[in-house]
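Here is the structure we will look at.
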DNA sequence: ATCGGGACCGAAACCGGTTTCGGCAACGGA
DNA sequence: TCCGTTGCCGAAACCGGTTTCGGTCCCGAT
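Chains as they are written, first to last, in my numbering: chain A, 1 to 362; chain B, 1 to 362.
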C-alpha cells in the first residue's frame with residue numbers, strides 16, 4: 001500500500017481534517033496532539049500519531065506557516081563572485097545542509113548574488129516573502145553586512161566562520177588558526193627557521209585568525225616572523241604566484257611557506273617554478289583547504305583539509321536549533337581541520353644550516 | 001522611506017487586509033484586481049496596483065499556496081554521486097536558475113541525493129510536502145525514472161538534456177551532436193583521416209546523440225569510423241586515460257580524437273603522455289564541455305563550451321511557463337555549444353600521409 | 001453533598017490569501 | 001417604461017493548518 005495512495009482512487013493528500021474525521025476528534029485536538037501540547041491525554045496522543053503515521057499524514061508546511069510564521073526552510077544565498085564556490089566546496093556543502101535539513105523535514109532554498117550588496121538585497125527579498133526561517137551565512141566577513149541585516153530584521157542566522165563582533169551570533173567554524181599554528185610547528189620541527197606566510201583577505205575573519213595562528217606558531221617555535229616574507233589578500237592562483245615571487249626574492253628568502261589557502265600555494269608553485277626553486281625539494285609548503293587540485297599538484301600538496309559536508313550538516317542543525325530558540329551559547333562550535341600529509345612539506349635532504357647558506361649565495 | 005518600513009514603528013509586513021482597508025475595498029476585490037480577473041474595472045485595478053506598489057505589498061507565497069496549490073518555487077535535486085557537479089557547472093547553473101526565478105519572484109529549493117533512487121525519493125518528499133511546483137531535471141538519462149515519477153504524480157518538469165521518449169517532456173538542451181559533427185569536420189578539414197571518438201555513458205541521452213553526431217560528421221567528411229578507435233562509458237580522467245591507451249594502441253591509431261567530455265580528453269592527455277605521443281603535436285584533440293581545467297591543460301584544450309548559466313536561466317523560465325500551463329510544444333529548445341579554439345587540435349606540421357606512415361612504423 | 005480544580009477535548013476564531021456567488025447600478029433594446 | 005444584460009464589486013466561504021477559549025467530566029477535599 002502506497003503511503004499516500006488514497007484508497008478512494010484519487011491522489012489527494014490526507015489533510016488534518018481527514019485525520020480528525022478518521023479519529024473522531026476535532027481537528028484542533030489532532031493538531032495539538034501532534035504538536036506536543038500538554039492538554040492532550042497521552043493515550044489519545046499515541047492514537048493520533050499512530051494513525052497519522054498509518055494514513056501517511058504530512059502537514060503542509062506552507063499551511064502551518066501562515067499561522068506560525070515558519071516555513072521550515074533554511075535560506076542560503078551564494079555569492080557568485082566568490083571564487084571559492086567554484087570548488088567542490090559547494091557540492092559538499094549543499095549536500096551536508098540538505099541532508100541535515102531533510103532529516104527534520106526542513107528544506108533548503110538557495111539564491112545567488114554577485115557582490116555583497118546584492119547578497120543583502122537577495123536576503124531581504126527572502127525575508128520579506130518569508131521564504132526562509134533563517135540563514136546560513138557562508139564565508140563570514142570581519143564586518144559582515146549580512147549579520148547586520150539579520151539582526152535588524154530579527155531573523156535567525158548562523159555563520160560559517162566567525163565575525164569581528166561575535167555578539168548575538170551563532171557560528172560554526174574550522175580552526176584555521178590552529179592549523180596555521182600546527183603547520184608552523186611542523187615545519188619548525190623539520191628544522192626550518194625562515195618560514196613565510198601567504199594569507200587571504202582581511203575582509204574575512206579567517207585571515208585575521210590564521211594570521212594570529214601563524215604568529216602564535218612562530219612564537220611557540222621560538223622563531224621570528226619576517227614581514228618581508230609575508231603576504232596577504234591572496235585569493236587565487238595568479239595572486240599567489242605574484243606573492244610567491246615577492247616572498248622568494250626577499251633578502252632572506254624562506255625555506256618554507258605556510259599558505260592560508262590551497263590556491264595561494266598553487267600560485268606559489270608557479271612562482272617557485274619560475275625562479276628555479278622546486279617545491280618539495282628546496283622549498284617546503286603547507287597549505288589549507290584540501291581542494292582536489294591539491295592532490296594532483298606536483299608535488300602533491302600537504303594541506304589541512306576541511307570537511308565541508310560535515311560543516312554543512314552541522315550548520316543546518318545548529319541553525320534549526322537557533323530557530324527553535326536554543327540559546328546562543330550552545331550554538332558556537334569550533335572543529336579542527338585535518339592534516340593531509342603529502343609531499344610538499346618534507347624536503348628529502350634538507351639541512352637547515354647548509355641550505356640556508358646555499359640560498360644566500362645563490 | 002523604506003519600502004516596508006512601517007510608519008507606525010512596528011516592522012509588520014503589509015497584508016492584503018491592510019491594502020484593502022487603505023483602498024476602501026473588499027479584500028477579495030483587491031485580490032482579484034491584483035491577479036488580473038476580468039470583472040474588475042481597469043481604473044480600480046490601476047488604483048490597486050499603484051497603492052500596492054506604494055505600500056510595498058508583497059503577497060505571502062505560502063498563504064496563496066494553501067488555496068492555489070502553488071508555492072512559486074522551483075525544485076532541483078542534485079545527484080551528489082555525479083562527478084560533473086563538482087565542476088563550476090553547479091555554481092553557474094544555480095546562478096542562472098536563481099536569477100531567472102527571482103525575476104518572477106519565484107524561489108529555488110534544492111535538495112541532494114546520492115544515486116538515482118535516492119533522487120526519486122527526495123523528489124517524492126518535495127512533491128508530497130508541496131515544496132516545489134515543478135522540477136528541473138539536470139543530466140537527462142535515456143530512460144529517466146525522474147520523468148516517470150513526475151508523470152505519475154502529474155507534476156511539471158523540464159529536462160536539461162533530452163530523454164529517450166520525449167513524449168510529454170519539456171526540455172532544453174545543447175546540441176552536443178552538432179558539436180561532435182563540427183569537431184569531426186574541423187579535424188577532417190585539417191587533413192585527418194583516422195579520427196577516434198571517446199564517448200560518455202549511454203545511460204545518458206547525450207551519449208547517444210553525440211555518438212550519432214560523430215558518425216554524421218564522419219560520413220559527411222567521407223571518412224569511415226573505426227570501432228577499435230572508439231570508446232564509451234568514459235566519465236572521468238582515469239577512464240579517459242584507460243580508453244586513450246586502448247585507442248592509441250590500436251592497429252591503425254588515430255591522428256585525431258574527438259571526446260564527448262573534457263574530462264575524457266584530459267585523461268587522453270595522460271595516455272598520450274605515457275605513450276610517447278604529444279597532444280597538439282602529433283595528436284589532435286577536440287572535446288566538449290568547456291570546464292576551466294581545459295584552459296590550463298597542456299596544451300590548452302580546444303573544446304566546445306556550454307554556457308550553464310544561460311542554460312539555468314532558460315530552464316527556469318521554461319519551467320515556470322510550463323507550470324503556468326504553456327503548451328509543451330513551445331517548451332523545447334536546442335542551443336548550440338560554442339567552439340573555443342585553443343592549441344590541442346591544430347598540429348603545427350601535420351602532413352596527413354607522412355604522419356600516418358611514421359606512426360605505422362613507430 | 002458541595003465545591004474547587006485538573007485533565008481533556010470541542011468549537012470557533014484566526015492566519016493571509018483566493019474564489020465563488022450574488023447583488024446593485026447603469027445601460028441598451030423593445 | 002420595463003426588462004434583460006453587463007460591469008463591477010462586496011460578502012462570505014474556503015484552503016489547511018494553529019491557537020485560544022471555554023466547557024465537560026471526574027476526582028478528592030471539605
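Think of the CB as a built atom: it goes at the ideal place given N, C-alpha and C, for glycine as much as any other residue.
**Request:** Take residue 136(A) as the anchor and find which of 101(A), 22(A) and 286(A) has the nearest alpha-carbon.
**Result:** Minimum Cα distance to residue 136(A) is reached at 101(A).
**Message:** Suppose the cutoff is 7 Å on Cβ atoms and the five residues either side in sequence are ignored; what does the same chain contact list for residue 250(B) look like?
**Reply:** So the qualifying residues of the chain are 228 and 229.
**Asked** To the nearest whole angstrom, what separates the beta carbons of residue 322(B) and residue 145(B), a pair I think is in contact under 8 Å?
**Response** Their Cβ separation, rounded to whole angstroms, is 20 Å, which puts residue 322(B) and residue 145(B) out of contact at 8 Å.
**Request:** Would you mind telling me which residues of chain B sit closer than 7 Å to residue 373(A), beta carbon to beta carbon, in chain order?
**Result:** Limits of chain A in this structure are 1 at one end and 362 at the other, which puts residue 373(A) out of reach.
**Message:** Restricting to Cα atoms, I'd like to know which of 294(B), 289(B), 319(B) and 324(B) is closest to residue 307(B).
**Reply:** With distances taken between Cα atoms, residue 307(B) lies closest to 289(B).
**Asked** What's the C-alpha gap between residue 24(B) and residue 31(B)?
**Response** Cα-Cα distance, rounded: 13 Å.
**Cβ separation of residue 200(A) and residue 235(A), assumed to be a contact under 8 Å, to the nearest whole Å** = Separation of the CB atoms of residue 200(A) and residue 235(A) is rounded to 6 Å, and the pair is thereby assigned contact status at 8 Å.
**Message:** Suppose you measure from the CA of residue 311(B) to the CA of residue 112(B); what does that come to, to the nearest Å?
**Reply:** Those two C-alpha atoms are separated by around 20 Å.
**Request:** Please confirm if the region 205 to 225 of chain B is in contact with the region 167 to 187 of chain B, defined as three or more CB-CB distances below 8 Å between the two stretches.
**Result:** At 8 Å Cβ cutoff, the stretches touch.
**Message:** Helix, strand or coil for residue 95(B)? Go by DSSP, reduced to three states.
**Reply:** If DSSP states are grouped into helix, strand and coil, residue 95(B) belongs with the helices.
**Item:** Closest Cα partner of residue 79(A) within the set 116(A), 55(A) and 105(A)
**Value:** Closest in alpha carbon position to residue 79(A), among 116(A), 55(A) and 105(A), is 116(A).
**Item:** Beta-carbon separation (whole angstroms), residue 296(B) vs residue 265(B), contact threshold 8 Å
**Value:** Contact between residue 296(B) and residue 265(B) does not hold, since the beta-carbon distance rounds to 13 Å and is not under 8 Å.
**Request:** With 8 Å as the threshold, decide whether the Cβ of residue 370(A) is near any Cβ in chain B.
**Result:** Since the first and last residues shown for chain A are 1 and 362, residue 370(A) lies out of range.
**Asked** Along the chain, where does the beta strand (DSSP E) that runs through residue 79(B) open and close?
**Response** From DSSP, the beta strand (DSSP E) with residue 79(B) extends over 73 to 79.
**Prompt:** If contact means a Cβ-Cβ distance below 9 Å, which residues of the region 264 to 276 of chain B contact chain A?
**Reply:** Taking a C-beta cut-off of 9 Å against chain A, none of the residues of the region 264 to 276 of chain B qualify.
**Prompt:** Ends of the beta strand (DSSP E) at residue 338(A)?
**Reply:** For residue 338(A), the enclosing beta strand (DSSP E) begins and ends at 338 to 340.
**Asked** With distances taken from CA atoms, which of 20(B), 28(B), 328(B) and 211(B) is nearest residue 167(B)?
**Response** The shortest Cα separation from residue 167(B) among 20(B), 28(B), 328(B) and 211(B) belongs to 328(B).
**Message:** In whole angstroms, give me the CA-to-CA distance for residue 300(A) and residue 237(A).
**Reply:** C-alpha of residue 300(A) to C-alpha of residue 237(A): approximately 16 Å in a straight line.
**Request:** Any chance you could list the alpha helix (DSSP H) runs of at least 4 consecutive residues sitting entirely within the region 247 to 310 of chain B, in chain order?
**Result:** The alpha helix (DSSP H) runs of length 4 or more contained entirely in the region 247 to 310 of chain B are, from start to end of the chain, 262 to 274 and 293 to 296.
**Request:** Go ahead and pull the three-state DSSP assignment for residue 216(B).
**Result:** Residue 216(B) sits in a helix when the DSSP states are folded into three classes.
**Message:** On a Cα-Cα basis, can you pick out the residue from 51(A), 348(A) and 316(A) that is closest to residue 94(A)?
**Reply:** For residue 94(A), the closest C-alpha among the options 51(A), 348(A) and 316(A) is that of 316(A).
**Request:** Return no unless some Cβ of chain A is closer than 8 Å to the Cβ of residue 130(B).
**Result:** Yes, residue 130(B) lies at the interface with chain A (some Cβ there is under 8 Å from its Cβ).
**the region 92 to 111 of chain B: positions lying closer than 9 Å to chain A by Cβ** = So the list reads 92, 94, 95, 96, 97, 98, 99, 101, 102, 105, 107, 108, 109, 110 and 111, given in the order they occur along the chain.
**Asked** Where does residue 15(A) sit, in a helix, a strand or coil, going by DSSP?
**Response** For residue 15(A), the three-state secondary structure derived from DSSP is coil.
**Message:** Run through the DSSP bridge pairs and tell me what residue 173(B) is partnered with.
**Reply:** Answer is 334(B), bridged to residue 173(B).
**Prompt:** Ends of the alpha helix (DSSP H) at residue 122(A)?
**Reply:** Per DSSP, residue 122(A) belongs to the alpha helix (DSSP H) from 116 to 128.
**Message:** Using 8 Å for Cβ pairs, my map puts residue 339(B) next to residue 256(B). What's the rounded Cβ distance?
**Reply:** Contact flag wrong, Cβ pair sits at about 15 Å.
**Request:** Examine chain B for any beta-carbon lying closer than 8 Å to the beta-carbon of residue 125(A), and answer yes or no.
**Result:** It does: the Cβ of residue 125(A) has a partner Cβ on chain B nearer than 8 Å.
**Item:** Where the region 34 to 63 of chain A meets chain B: residues whose CB sits under 8 Å from a CB there
**Value:** Residues 58, 60, 61, 62 and 63.
**Prompt:** Is the CB of residue 20(A) under 8 Å away from at least one CB in chain B?
**Reply:** Output row for residue 20(A): interface = no.
**Message:** Here's the rule: buried if 16 or more other CB atoms are within 10 angstroms of the residue's CB, otherwise exposed. What is residue 108(A)?
**Reply:** With a 10 Å radius around the Cβ and a threshold of 16 neighbouring Cβ atoms, residue 108(A) comes out buried.
**Request:** Tell me whether residue 219(B) is buried or exposed, calling it buried when 16 or more other Cβ atoms sit within 10 Å of its Cβ.
**Result:** Counting other Cβ atoms within 10 Å of its Cβ, residue 219(B) stays below 16 and is therefore classed as exposed.
**Message:** Just to confirm the assignment, what range does the beta strand (DSSP E) spanning residue 109(A) have?
**Reply:** First-last of the beta strand (DSSP E) with residue 109(A): 107 to 113.
**Request:** Under 7 Å between beta-carbons, which chain B residues line up against residue 261(A)? List them in chain order, please.
**Result:** Near residue 261(A) there are no residues of chain B at all, since even the closest Cβ is about 17 Å away, more than 7 Å.
**Prompt:** Can you list the residues of chain B that residue 23(A) reaches, using a CB-CB cut of under 9 Å?
**Reply:** Near residue 23(A) there are no residues of chain B at all, since even the closest Cβ is about 21 Å away, more than 9 Å.
**Prompt:** residue 3(A) by DSSP, collapsed to three states: which one?
**Reply:** Here the model assigns residue 3(A) a pLDDT of 39, short of 50, so the residue's position is not dependable, and the following value carries that caveat. Correct three-state label for residue 3(A): coil.
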